[in-house]
Each structure stands twice: as C-alpha cells, then as structure tokens.
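Colleague:
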Amino acid sequence: MNKEAIKELIYKMADDAMIIGHRNSEWTGIGPVLEEDIAFSSMSQDKIGHAWALYDVLHEQFGEKDADKNAFSRSEKEYKNCQFVEMPIGEYEFSLVRHYLFDKAEWLRYESLQHSSYLPLAQLAKKMRGEIKYHVMHAETWMNQLALHGNEESKSRIQSALNESYPMALAIFEEGADESALINDGVFIGEQALLALWKAEVSAFCARIGLSLPEKADASNYLGGRKGYHTEHLAPLLAEMCEVYLLDPSAEW
Amino acid sequence: MNESLDPRVNRLDDLHKVAGEGEANTHWATYEVFHQDKRGKQVVHVGIVHAPGPEMALVFAKEQYARRKFTSNLWVVKSSEVYTYAHEDEDIFETVPEKTFREPGFYKVRDRIEAYKNKITG
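Chains as they are written, first to last, in the working numbering: chain A, 3 to 255; chain B, 103 to 224.
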C-alpha cells in the first residue's frame, strides 16, 4: 500500500472534522433555538472526537505528532481541510446547508471506507457510523422543515444558502496527489466516485424538498485546501482554536 | 478586540444581534417525550420538548434526553393528543383505607406459595 497517499487521505479527513467541529461550536450560546444550540454543540463534539481518532491513527501508524499536538500546533499551510469548512458560520441557514452538504459527503465517505483494505480506517468508519448517520438525519430534518414546511422567507433563505454553498461543497472532493494508488489498493473509492454518489443523493433530496441546485456550479474558486492553500478565514480560526493550547503546550490536561 | 480567552465572550455582539428575534418559538407545540433504554423494555416518560412538528420533536428529544444515557428508542406524542382525566377528578383515585381484603397480603398467598415451594424442593 502507498503509505503517503493514505496519510494524506487521513490528514484531510481529520482536518475537515477538526475545523468544521470548531466552526460549528461557535453556535454554542447563540443557536436559533435552545435545542439547536445544544444540537450543534453536541455534533461539534462528535466531529472533534472523529478528528482526535484520525489524528491518533496518524500518531500510532505513521509516527506523526500525538493527537493534541497535531491538532493545535501546525502552521496554516499544514492544514489540509477543504476551504468550505473554514468559512465563517454566517447566518444559520448557511451553517445548516453546509452541515447538510458536508455531512452527506462524510456519510458516503465513511460508508465506503467501511470496506477499506486499510483496516484502521475501516474500523473507525464502523465506529463513527451512528454519529454521522444522525448528523445527516438532523440536517435533513431541519432542511425539510425550513424548505418544505416553512414559509416563503425560510424557503428562499435556504435556497440562497444552497446557491452560495454548493460550489464550495464541490471542492470537498478535490483529489489527492496519488488518488489512483488509493483506488488500486482498495483503500478508498476515490473522490470522483464519491462525488458522483454525493451529487445523486443531494439532487434527489433537494428535489424532494423543493430546492433546486445551481445549474452552473464551479468549484474552482474554492480549490486548494487539500494542498494547504486557505482563505483569509482560517488564520483567525486557528488563532482562536489554538490560543489556550499555545499558552503552555507542555501542560497536562 | 476583547482580551477574553473564552471565544463566546468575543461573540457577545452576535448574541445581542440574535436576541429579540425569537418570537416565533411561542407558536410551537409541546410534545411529551418517552425514553426506552432497551428494545422491548417499557417506554418511560422523561419530559417535554417544543417543536414545530413531530420529526423536529424527535430531533430535539434526542438532544435533550438521549445524549447521556443508553437509548434504544424515543417516542414523542403531541401533548394535546394525550387523553387524560381532569384535574378536579383527582379524588377518584383516593380509596377508603378499611379494605384490607383488597390487598394481596390479606389472602396469605405468600404463605401458600412458600409452602408449595418447600414441598417441591423438598
């Protein structure tokens, strides 16, 4: 197996989970309703748990830094999350639609990884299954509520959030450097295959709740995250996220 | 820029922006939540949630009542759908105390069961 390609795959998954987990935790205290405030906070903790587990695989299997150090003491360029997850939380509809599009992709990615020939990933995928399934269920319930059972305002706000975030979401599937090695070794079905699955499910769901996907959607403005190129939003996020850790990196927690 | 290390403090402006926009909540219905910790076991009432519909009520119920304990399933029932006695009829549950013949001990069932057990286990 191509160890470098696997490492790259795990890094981007871990960083996606870490950054979206931190972003969505920003709803703590200011959610639209109390229960949703709790839901976003609770799912953020799930995501950070996923990131921790993936960083731990990197530590145990690849000799990378331990999970805490890896999460909190890298430079911006070393984070391989997609740009979509680092975007500010915006209004609630943006966070909700991002939550749906991102978690749908996570669900399909982890579903496929259950059959990965790389066992640590296959085992993690099975372990995280329930949480990610619920994340999608949560997102779909809200989308359904606001787009199909809401009013004109809620529907149009969800539609415009979808128009805005769909091209960003396409960049989740930016390919790694050695995608074919992962595919040939049976580690991962590959970003293109995943994208096709995701598009089919997202368009079916959106059609069902009366939303239309933007006709011309182009990911090119949002690519580069997987290579360490980020928007101006990541640096302030990292500064906030790592602030306490960096006060004393040797502290025992 | 606030010097606090608590990010929530630095987002207080957002909080003030959001406050006062919560009027719509008052139109939501109340749902009774029932929790089941194991398949086949009884479903126990644990509290209520407010939600715009049954699907959302289930999502909220999961957050409120299933995060910190083993859960096999949850039920939600719209409170207005629950058929109950009126408060003023509470007195129908009061029973006159002089009725020991209604209590199981009166029949000395236990003595007979014990006697039977002793007989078969010898």
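Here a beta-carbon is modelled for each residue, glycine too, at the ideal position from N, C-alpha and C.
Since we're looking at a predicted model, the values are computed, not measured.
What distance in whole Å lies between the Cβ atoms of residue 213 (chain A) and residue 149 (chain A), which are believed to be in contact at a cut-off of 8 Å?
Modeller: Indeed, because the Cβ distance is near 5 Å, the residues count as touching under 8 Å.
Colleague: Strictly under 8 Å for the Cβ-Cβ distance: is residue 40 (chain A) near chain B by that measure?
Modeller: Answer yes: the Cβ-Cβ gap between residue 40 (chain A) and chain B drops below 8 Å somewhere.
Colleague: Within its chain, find whatever has a CB closer than 6 Å to the CB of residue 60 (chain A); leave out the 5 residues flanking it on each side and keep chain order.
Modeller: Once the five neighbours on either side are set aside, the close Cβ partners of residue 60 (chain A) are 12, 66.
Colleague: For residue 144 (chain A), which residues from the same chain have a beta carbon less than 7 Å from its beta carbon, with the 5 sequence-adjacent residues on both sides left out?
Modeller: Answer for residue 144 (chain A): 98, listed in chain order.
Colleague: Look up residue 110 (chain A) in the DSSP assignment and say whether it is helix, strand or coil.
Modeller: Residue state, collapsed to three classes: helix.
Colleague: Measure from the C-beta of residue 165 (chain B) to each C-beta in chain A and report whether the shortest distance is under 8 Å.
Modeller: Closer than 8 Å to some Cβ of chain A, the Cβ of residue 165 (chain B) qualifies, so yes.
Colleague: Against chain B, does residue 52 (chain A) count as a neighbour if the rule is that its beta carbon must be under 8 Å from one of theirs?
Modeller: It does not; no Cβ of chain B falls within 8 Å.
Colleague: Along the chain, where does the beta strand (DSSP E) that runs through residue 149 (chain B) open and close?
Modeller: Its beta strand (DSSP E) spans residues 146-153.
Colleague: Could you have a look at residue 166 (chain B) and say whether DSSP puts it in helix, strand or coil?
Modeller: The answer is helix: DSSP assigns residue 166 (chain B) an H, G or I state.
Colleague: So that I know if they touch, is there some Cβ in chain A lying closer than 8 Å to that of residue 155 (chain B)?
Modeller: Judged by the 8 Å Cβ criterion, residue 155 (chain B) is in contact with chain A.
Colleague: In angstroms with no decimal places, state the Cα-to-Cα distance between residue 173 (chain A) and residue 22 (chain A).
Modeller: One C-alpha to the other measures close to 15 Å.
Colleague: Tell me the rounded alpha-carbon separation between residue 143 (chain B) and residue 37 (chain A).
Modeller: Approximately 27 Å between the Cα atoms of the pair.
Colleague: Going by the DSSP bridge assignment, what does residue 176 (chain B) pair with across the sheet?
Modeller: BP columns for residue 176 (chain B) point to B:137.
Colleague: The alpha helix (DSSP H) spanning residue 159 (chain A) covers which residue range?
Modeller: Run containing residue 159 (chain A): 154-172, per the alpha helix (DSSP H) assignment.
Colleague: Near residue 39 (chain A), what residues of its chain come up, given a Cβ to Cβ distance below 8 Å and the 5 sequence neighbours on each side ignored?
Modeller: Closer than 8 Å at the Cβ level, and outside the excluded window around residue 39 (chain A), lie 29, 30, 31, 32, 33.
Colleague: Could you tell me the boundaries of the alpha helix (DSSP H) in which residue 207 (chain A) lies?
Modeller: Looking at the DSSP string, the run of the alpha helix (DSSP H) that includes residue 207 (chain A) is 193-210.
Colleague: Look at residue 54 (chain B) and residue 140 (chain B) and say whether their C-beta atoms are less than 8 Å apart.
Modeller: Only positions 103 to 224 of chain B appear in the structure, and residue 54 (chain B) is not among them; the question remains open.
Colleague: Going by the DSSP bridge assignment, what does residue 221 (chain A) pair with across the sheet?
Modeller: Note: residue 221 (chain A) sits in no beta bridge, so no partner.
Colleague: Within 8 Å, do at least three Cβ pairs link the region 187-199 of chain B to the region 149-169 of chain B?
Modeller: Segments in contact, no.
Colleague: Hey, residue 193 (chain A) and residue 203 (chain A): beta-carbon distance below 8 Å or not?
Modeller: Contact flag unset, no.
Colleague: Is there a C-beta anywhere in chain A that falls below 8 Å from the one on residue 162 (chain B)?
Modeller: Yes - at least one Cβ of chain A is within 8 Å of the one on residue 162 (chain B).
Colleague: What three-state label does DSSP hand residue 141 (chain A) in the structure shown?
Modeller: Here residue 141 (chain A) sits in helix by DSSP.
Colleague: Is there contact here, the region 112-119 of chain A with the region 77-94 of chain A, by at least three beta-carbon pairs under 8 Å?
Modeller: The region 112-119 of chain A is not in contact with the region 77-94 of chain A.
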